[in-house]
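Novice:
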Amino acid sequence: MTTILTNIPNYYVSDENCENLYYKAIANQADAVLIGPSSMKTGEKFRGRGVKTCVSISYPAGTASPDLKAQEILDCEDSSGIADMYFVTAAAGYFMSGHEENLREEMRLCAGSVRKPVYFITEAAEMTEEDLEKMCRIACEEKVRGIVTSTAFLPYDVKRATAAEVSRLKRYAHDVLKVAAFGQFHTLDEVEEAENAGADIIILNESCEIVKV
6 MTTILTNIPN YYVSDENCEN LYYKAIANQA DAVLIGPSSM KTGEKFRGRG
56 VKTCVSISYP AGTASPDLKA QEILDCEDSS GIADMYFVTA AAGYFMSGHE
106 ENLREEMRLC AGSVRKPVYF ITEAAEMTEE DLEKMCRIAC EEKVRGIVTS
156 TAFLPYDVKR ATAAEVSRLK RYAHDVLKVA AFGQFHTLDE VEEAENAGAD
206 IIILNESCEI VKV
């Protein structure tokens with residue numbers, strides 16, 4: 006199972022915070038970090054240190070404009086080559102209100118904009134089985150690499166994704182999509198629950214108790 010450390014749900018992220026995130030990832034033997042585009046230049050200092058770099062797009066709101074998301078990926082590629090993969094926040098609410106074509110367009114444009122893995126972040130706990138099946142089917146068709154269970158952004162008044170959402174997503178992933186569990190993990194038991202449910206990736210907030218200082 007792949008482990009990613011992140012600081013993107015935190016309100017303020019300085020260059021020093023980003024550097025510390027990489028150091029924590031190295032100390033905790035994490036596979037990668039997930040950072041925002043503004044931290045990419047800082048991330049370049051850690052190239053070749055054994056930690057991959059994932060970059061978030063449109064986090065946490067997930068604009069409904071597919072063009073803007075794809076352009077943001079292109080801008081990141083132009084400004085820095087540090088990104089190994091991208092994590093795009095889907096316009097989940099817009100999709101759930103009936104705009105299936107918008108989700109397909111953002112997945113098509115984003116996955117097609119770069120020759121690197123592209124994942125989509127959603128709010129799986131808010132979705133019906135029909136929503137999840139449809140989203141995963143579109144993601145498979147548009148060559149998306151995987152789906153993330155939640156933004157794990159605390160100010161949002163949404164249901165929090167648990168291991169149950171991992172199981173639900175795995176049901177429709179058909180061994181094609183990777184499923185990443187992103188939530189408020191406080192104990193190793195919670196991580197183990199997500200892993201047992203089938204999570205391919207665990208995304209941990211670097212401030213959680215599990216992560217060594």
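Residues in the sequence shown are numbered consecutively from 6, following my numbering. We put the beta carbon where it would ideally sit given N, CA and C, even for glycine. Note that the structure is predicted; figures quoted are calculated from it, not measured.
1) By DSSP's criteria, K183 is part of a beta bridge. Which residues make up the other side?
2) Provide the residue(s) that pair with Y124 in DSSP beta bridges, ordered along the chain.
3) Determine which residues share a DSSP beta bridge with V60 and list them.
4) What residue range is occupied by the uninterrupted alpha helix (DSSP H) comprising L209?
5) I'd like to check one pair, V171 with E186: are the Cβ atoms closer than 8 angstroms?
6) How big is the Cα-Cα spacing for E24 and T192?
7) Is it buried or exposed for K74, if we count other Cβ within 10 angstroms and need 16 for buried?
8) Three or more C-beta pairs closer than 8 angstroms, one from the segment 50-59 and one from the segment 193-200: is that the case here?
9) My assumption, with CB atoms under 8 angstroms, is that K183 sits in contact with I206. Please give the rounded CB distance.
10) Where do the ends of the beta strand (DSSP E) carrying L10 lie?
11) In whole angstroms, give me the CA-to-CA distance for N3 and E134.
12) Spatial neighbours of P71 within its chain, please: C-beta separation below 6 angstroms, excluding the five flanking residues on both sides.
13) Give the range of the alpha helix (DSSP H) segment to which G117 is assigned.
14) Taking a contact to mean a Cβ-Cβ separation below 8 angstroms, would you say I9 touches I208 in this structure?
15) Tell me the rounded alpha-carbon separation between Y124 and R165.
16) Distance check for I126 and S118, CA to CA, integer angstroms please.
17) Determine the direct distance from the alpha carbon of K217 to that of G103, and round the result to whole angstroms.
Specialist: So, to answer that:
1) As a beta-bridge residue in DSSP terms, K183 pairs with G151.
2) DSSP lists F92, G151 as partners of Y124.
3) Beta-bridge analysis with DSSP links V60 to I40, Y91.
4) Where L209 is concerned, there is no enclosing alpha helix (DSSP H), although the beta strand (DSSP E) it sits in stretches over 206-210.
5) Rather than Glu, the amino acid found at residue 186 in this sequence is Ala. In contact: A186 and V171 (Cβ atoms closer than 8 angstroms).
6) Cα to Cα, the separation comes out at about 25 angstroms.
7) Its Cβ being crowded by 16 or more others within 10 Å, K74 is buried.
8) Output reads no: the segment 193-200 does not touch the segment 50-59.
9) Their Cβ separation, rounded to whole angstroms, is 6 angstroms, which keeps K183 and I206 in contact under 8 angstroms.
10) Its beta strand (DSSP E) spans residues 7-11.
11) Since the first residue shown for the chain is 6 and the last is 218, residue 3 is missing from the structure and cannot be characterised.
12) Same-chain partners within the cutoff: E110, E111, L114.
13) It spans 105-117 - the alpha helix (DSSP H) in which G117 sits, taken as one unbroken run.
14) Yes, these two residues count as a Cβ contact at 8 angstroms.
15) Each residue's alpha carbon lies about 19 angstroms from the other.
16) Whole-angstrom Cα-Cα distance: 17 angstroms.
17) Each residue's alpha carbon lies about 43 angstroms from the other.
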